[in-house]
Structure formats: C-alpha cells, structure tokens
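>
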Amino acid sequence: MLIHSINIVQKMSCLYKLCGAVVLSLMLLLSNSQVKAQDSASAPAAAAPAGGGGGDVEKGKTLFTNNCAQCHSITAEKVVGPGLKGIESRTPGKDWLHKWIRNSSAVIASGDAYANQVFNANGKVQMSSFPSLSDADIDGILAYIAQGDKPAVASTGGDTSKNTEGTGGGSASVGGPSELFTFVLIALLVIMLLVLGVLLVIVTILSKAVSPVTTTDGTQIPSSFGQRMKTGLSDAFNNPTLRSVVIWLFLLVVTKATIDGAYSVGIQQGYAPKQPIAYSHKLHAGQYKIDCNYCHTGAQKGKSATIPAANICMNCHGVIKKESPEIQKIYTAIENNQPIEWIRVHNLPDLAYFNHAQHVNVGNVACQTCHGEIEKMEVVEARSSLTMGWCIDCHRRTEVNTKDNAYYDKLVALHRKESKEPLKVANIGGLECSKCHY
Amino acid sequence: MFSIKMITKHTSITALAIVGLLFVGSACKKGHDNTGVVYAPQMYEPVGYEPYRQSRANTINVRENGLNMRLPARGTVARPNYHTTFGTGANKTTDLMMYNIPADSIGIAERVLTNPIADSEKMQAEGQVLYTRYCSHCHGATGKGDGPVAKEYKGVPNYSTDAYKTMNDGHIFHVITHGKGRMWPHGSQITPEDRWKIVQYVHKLQQG
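Just so you know, the protein sequences line up as chains U and H, in that order.
Residue 55 in our numbering sits at position 43 of the first sequence, with consecutive numbering throughout.
Residue 164 in our numbering sits at position 159 of the second sequence, with consecutive numbering throughout.
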C-alpha cells in the first residue's frame, strides 16, 4: 500500500507538472497571436500615394507581378534589386529606363555612369533582360509604379483584418485540442483520487478490524488512535498471509522490472542527443516543406541516406539568415575546413545490414514509417526501436509493390499458385537470416 | 516465508523503504542524451572504417584529423551511376553526360547542349517527381516562383514569363548544375540523368 501510494504521489506530481506545462504553452500561444495581430495592424502604413504616369496601369500591374515582383517592390523597400518608388525621378529618364529594362548588361557595358553606379551599389547582381517588352508595356509598368499602391490600400486593409481574424481563429482552434487534453488530464486526476480513496478505505477497514483484538499478553485495548495503529501495524506484520502476499508482490514486481530492463538493453528508442548546430527539422521539413531527399541525397541511391555536406546548407544559407549564430557555425566549419560533427541518432548495430535505397526507392517506404514525424521534430529523436522484431513485423505486414515491375512477374505467378494472400516482403525472403545478417 | 520469523519490526520497515526506493529508481527512465546500455558492443560497432560511424580516431588517416571519410584522389573520374542509353531500336541514343562546360560559359551550354532523353510522358512524370523533390520548395509546384522558401529567399523567377519561357535545354541544365544569379549550384545533389528529366518538366512549366 505504501508502495502504491508512493507511486500515486509520483504520478500526481507528474500530472501537476503536465498541467503547468499546458497552461504555460497556452499562455505562450495567446501572447504570440497578440504580437502577430499588432504586427499586421502596423503594416498598411507603408503604402504611399503618388502621381500617375502615361501608361496602362492595369496591364502594367499584371506585367509587374509576372516579371518584376520577384526582385523589386513598388515601395522604397529593397528586395533583391532596389525598391522602385520614385524610379522615374531618380534615373536619367524614360528612354534610359526602356533600354535598361530590355537589356541592363548592354547599358552597363556601354559605360553609362549611372548604370554602373546602380550595378555596383546592388552587389553587382545582374538583372534579367526583358527584350520582349514593348515601349507601351514598360510605360504601363512605370505608370503602375508611379501610381503606387493607391487602389491596393483598401485591399491591404482588408488583408489586415483577415489576418487578425485568421490568427484569432488559429488560437481558438489551437485551444480546442488542448482543452480536450486538460479534460482528459482532469479525468485521470479524478480516477487517481478515487483509487487513493479506495486504498484509504481499505486501510481504515484493516485498522478497525485489527483494533478490537487484544494483544497476546492480555493487556487492555489501547485507547489512543496512534497506539491502535501501532498494534494494528505490528499485527499486520506478524500476520503470515499478509506478509507473504506483500513479499510475493514485491518479487513479482522486481522480476518484471528486471525483464523490462533486460529487454531495453541495446534499444535506443527516445534517444535525442543535442546536436552541434541547433538544426530544426520542424522548420525546414515542416514549415518550409523542403523534401527530405533534397538534403539526404543518398536515401534514393545508396545504403546511407547521407548527412548533407555544408554546400547543401549554403544553397539557401548563402543568402538567408547569414548572421544567425547557428548558421555562422556552418560558415566557420567551411572556412576552417572542419567537418560538422553531427551526432548519429539511429544506430543500427553492425551485425545487421540495412540499405536505404532498397527500402525508400524500390520499396517506396516513406521516411516517416521508420523515423516518425520528423517534420514535427525540433530535435530529432529515435522513434522506432530498430529491433529485429520490429523489422520482421513490418516485413510480414508489407505488400510488395509489384505493379509495372517485370522483375516480380514470375514470383507473383508462383506465389499465386500457393496462396491467395498478396505477395508480402516475407514471401520474397524478408524473413531469411542471411538477408540481413552476414 | 522461510526466514520471516527472523525479521524484526524495524528491519521490515527498512525493507519496505528499500522497496519504495527501488520503485522510485525504476520509474526514472534513461535520459534523452543517453544511448543506454549495449550488450556486446564489439558486435555493434563496425570493425571496418565506415563513413558515418566512428567510435575512435582513424589511425591510418592521421593527416586529416583521423577522419574515416576521405576525398577521392585528385583527378578521379566518377563512373556514371546513372543511365547513359535511352530509347530502344532506331531511337536509341547514348550520351555519357560528362559535363565540362565551365560555370561562367552559359552561352556555350545554350548553343551546344540538347536533352539526350527523348520527350515522353513517363520521363515527364519522373521529372515531376524530381522537380518536387529538388526544386518546388523555392520555384513552387507550378514554377511560379511561389514556393514556401521563396518568400524568405526572394528573387525566384516565374518560369512562364517573357524572360524565362523561351529558355532552352542547355540553359536550364547549366543553371541547375552551376547555379545563376541568386541560385546556388545543385550539381552535387542531382545526377545528370535526373537533371535532364527535370529540364523536361521545366519546359512543361514554362508553357504556364
């Protein structure tokens, strides 16, 4: 009973911690959405009114969105190229702009002073040429820029309100599941309390049952509660049935714990080491939806899925977030020609052979089948046990994708003669020892 | 039950306390930073040198800080681990796809290169898979330059606009291999065969 109550007390403290964590995370979520709402409220101030030009504004807007918006904004904000607010007043004139937009490299090569100044001021990034734009097209674009975002002001306002509504809805929907979670927690708490109550009742019944019995040497019945409890307890200790029950229970529990402990030897499920760089799969694979294969290029081709070399990081981080201290670690590694020592999370013992290409490319197994929901992990954790039982279980369950693959035709025909079940991995040698152990 | 009579009251209380402690002990699971106990580690750790498993410094490659992974010798030519022959019968074409055009000579690539893989539904479908894998997070699923990363990266073009819709095989292949403008080279990640399949799919996206 003591044991039980200790356990219960432990579980209760865990519950309190969980409750605390839930409340904290809810508060964080709410404060986040408030910040977002404030940000979006201050956004429309950027729009600025300006005079009109001499071109078709509507056509210009379409052309601008299709051809220019990737690198330029119509405000003063620099995207890749400079912001285009007031472009006509700061450049040598419309004719120069026509030439520049159609082929900026030619204008720079001709030695034009202003062109070279702009080119050098923007990190010598060459602007794409647009030879197919007519004078009227360019005038339209310029007119659209000159007009600014005037008609769009209203729509920006609309967007803002939509945004705030969106974030409000978001926090509400986030609140939904966590409310359910707290409900479940409270239900658990109530059940725990009930169990505790039942246990207490048993204790009192026992002590009551024991209390009227006089001690062996025939002295009077103890009057105070403490003394009664004391005799009750000593009687309980002296009761052979109760003692043996307690001892047997203890032995059973110890045996169970020992067997569990022995089975967890060599299993690294839940292993989530701190990596040298705080890389988040949740951000890259989850939020930005970068395919696993983009970085782990070996998964489709070889035994190892490969850990990306720094050059793959640089494909994006040559431009994005260069100043972040975590990204600077990659830069330092490249400059010093030192490898980044990532810590391996999934350690399959050397005695078992595993090949990524075989499973991912041929078998069409999704990464998440074995690695769990990587796209939701801030720190990668070993989600699967990687035991032989786990492998075998999947080989028994998984059907072979034989469609459009002539290699399997005869195997499928042979298998059909023997069984009505579909061809499983187990049927093509997925349970043979020497497939993985040699 | 055998030696129970020998146990005094006090020792049984201590025994109970020990049991309680054992329970508390077994409730504590191993930490997240701990790989736990391994039975017979010599069966777990490789005897040979493996690229991603290194439990001790490599005594042979002392010059490069005892790393297992090594660069190939200078001047090594990679054996193509991709198809070099396409089509059947009279349509059969062979191309080793050795790409030696320097990064700054995109003009040569535009003039000289043509896609060795014949245009077909199957190749386009494969191209789409590869495009989704390697390109779409920036260039967007439809090539409009509106992928989720493009919002951060900025300056990702729309394939179907004037300046981009006429770009030919050689140009696209060269840009994937060596990068251009803000885009960094992707030649190390994608085999030439896969790049050509992507080129085919990009042509489809250029039509809008």
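Quick reminder that beta carbons are idealized off the backbone N, C-alpha and C, glycines included.
(1) Thinking C-alpha only, which one of 295(U), 251(U) and 449(U) is nearest residue 387(U)?
(2) I'd like the span of the alpha helix (DSSP H) that includes residue 178(H), first residue to last.
(3) Measure the CB-CB distance between residue 156(U) and residue 76(U) and report whether it falls below 9 Å.
(4) Look at the alpha carbon of residue 129(H) and the alpha carbon of residue 210(H), and state the distance between them as a whole number of angstroms.
(5) Is it true that the CB of residue 203(H) sits closer than 9 Å to the CB of residue 192(H)?
(6) Skipping 5 residues on each side, what residues in its chain have a beta carbon closer than 7 Å to that of residue 200(H)?
(7) Against chain H, with Cβ distances strictly below 9 Å, would residue 94(U) count as a contact?
(8) Please report the Cβ distance between residue 278(U) and residue 104(H), rounded to the nearest whole angstrom; I am assuming they are in contact, meaning their Cβ atoms lie under 8 Å.
(9) Let's see if you can read the secondary structure: which residues bound the alpha helix (DSSP H) around residue 158(U)?
(10) Using DSSP's beta-bridge definition, name the partner residues of residue 356(U).
(11) I need the DSSP call for residue 188(H), collapsed to helix, strand or coil.
(12) Check each residue of the region 152-168 of chain H: if its Cβ is closer than 7 Å to any Cβ of chain U, include it; give the result in chain order.
(13) Please tell me whether residue 61(H) has its Cβ less than 9 Å away from any Cβ of chain U.
(14) Quick one: is residue 194(H) buried, meaning 16 or more other Cβ sit within 10 Å of its Cβ, or exposed?
(15) Mind checking who residue 90(H) pairs with in its DSSP beta bridge?
(16) Which residues in the same chain as residue 154(H) place their Cβ atom closer than 6 Å to its Cβ, once the five residues preceding and following it in sequence are excluded?
(17) Please report whether the beta-carbon of residue 137(H) lies at a distance below 9 Å from any beta-carbon of chain U.
(18) Who are the Cβ neighbours of residue 88(H) in its own chain at under 8 Å, not counting the five residues just before and after it?
(19) With distances taken Cα to Cα, identify the nearest neighbour of residue 439(U) among 238(U), 290(U), 72(U) and 413(U).
(20) Specify, as a first and last residue, the run of the alpha helix (DSSP H) that residue 444(U) falls within.
(21) Assuming residue 100(U) contacts residue 145(U) (C-beta within less than 8 Å), just tell me the rounded distance between them.
(22) Per DSSP, residue 84(U) is paired with what?
(23) Does residue 212(U) get closer than 9 Å to chain H when you measure Cβ to Cβ?
(24) Using a C-beta cutoff of 9 Å, does residue 194(H) count as contacting chain U?
(25) Just confirm the distance between the C-beta atoms of residue 72(H) and residue 63(H), as a whole number of angstroms; I'd bet it's less than 8 Å.
(26) Just tell me which of 137(H), 94(H) and 173(H) has its CA closest to the CA of residue 117(H).
(27) When you compare only the Cα positions, how much space is there between residue 210(U) and residue 261(U)?
(28) Within the present structure, is the beta-carbon of residue 122(U) separated from the nearest heavy atom of the ligand GTP by less than 8 Å?
(29) Look at the Cβ atom of residue 356(U), then the Cβ atom of residue 58(H), and state whether they are nearer than 9 Å.
(30) Kindly say whether residue 54(H), judged by its beta-carbon, lies nearer than 9 Å to any beta-carbon of chain U.
This is what the structure gives:
(1) Put simply, of 295(U), 251(U) and 449(U) the residue whose alpha carbon is nearest the alpha carbon of residue 387(U) is 295(U).
(2) Element bounds for residue 178(H): 174-183.
(3) Remark: C-beta atoms of residue 156(U) and residue 76(U) approach each other more closely than 9 Å.
(4) Straight-line spacing of the CA atoms in residue 129(H) and residue 210(H) works out to 11 Å.
(5) Not a contact, by the Cβ cut-off of 9 Å.
(6) Once the five neighbours on either side are set aside, the close Cβ partners of residue 200(H) are 178, 181 and 182.
(7) Contact with chain H is absent for residue 94(U), since none of that chain's Cβ atoms lies less than 9 Å from the residue's Cβ.
(8) Between residue 278(U) and residue 104(H), the beta carbon gap of about 46 Å keeps them out of contact (Cβ cut-off 8 Å).
(9) Counting along the chain, the alpha helix (DSSP H) containing residue 158(U) begins and ends at 147-159.
(10) According to DSSP, residue 356(U) bridges with nothing at all.
(11) Collapsing the DSSP output to three states places residue 188(H) in a strand.
(12) Interface annotation for the region 152-168 of chain H against chain U: 153, 154, 157, 158, 159, 160, 161, 162, 163, 166, 167 and 168, criterion Cβ-Cβ distance under 7 Å.
(13) At least 9 Å separates the CB of residue 61(H) from every CB of chain U.
(14) Flag for residue 194(H) reads buried.
(15) In DSSP, residue 90(H) forms a bridge with 99(H).
(16) Excluding residues within five positions, the ones whose Cβ falls inside 6 Å are 142 and 143.
(17) Any Cβ of chain U closer than 9 Å to the Cβ of residue 137(H) would place that residue at the interface, and such an atom is present.
(18) In its chain, beyond the 5 residues on either side, 198 have a beta carbon closer than 8 Å to the beta carbon of residue 88(H).
(19) Taking residue 439(U) as reference, the option from 238(U), 290(U), 72(U) and 413(U) with the minimal CA-CA separation is 413(U).
(20) Note, residue 444(U): premise wrong, no alpha helix (DSSP H); not H, not E.
(21) Actually they do not touch by this definition, with Cβ atoms about 16 Å apart.
(22) According to DSSP, residue 84(U) shares a beta bridge with 90(U).
(23) No, residue 212(U) lies away from the interface with chain H (no Cβ there is under 9 Å from its Cβ).
(24) Yes, contact with chain U.
(25) Residue 72(H) to residue 63(H), Cβ: 6 Å. Contact.
(26) Restricting attention to 137(H), 94(H) and 173(H), the CA atom closest to the CA of residue 117(H) is found in 173(H).
(27) Approximately 19 Å, taken between the alpha carbons.
(28) The ligand GTP is not among the ligands present in this structure, which contains no ligands whatsoever.
(29) At a Cβ-Cβ threshold of 9 Å, residue 356(U) and residue 58(H) count as neighbours.
(30) Residue 54(H) is outside the set of residues whose beta carbon lies under 9 Å from a beta carbon in chain U.
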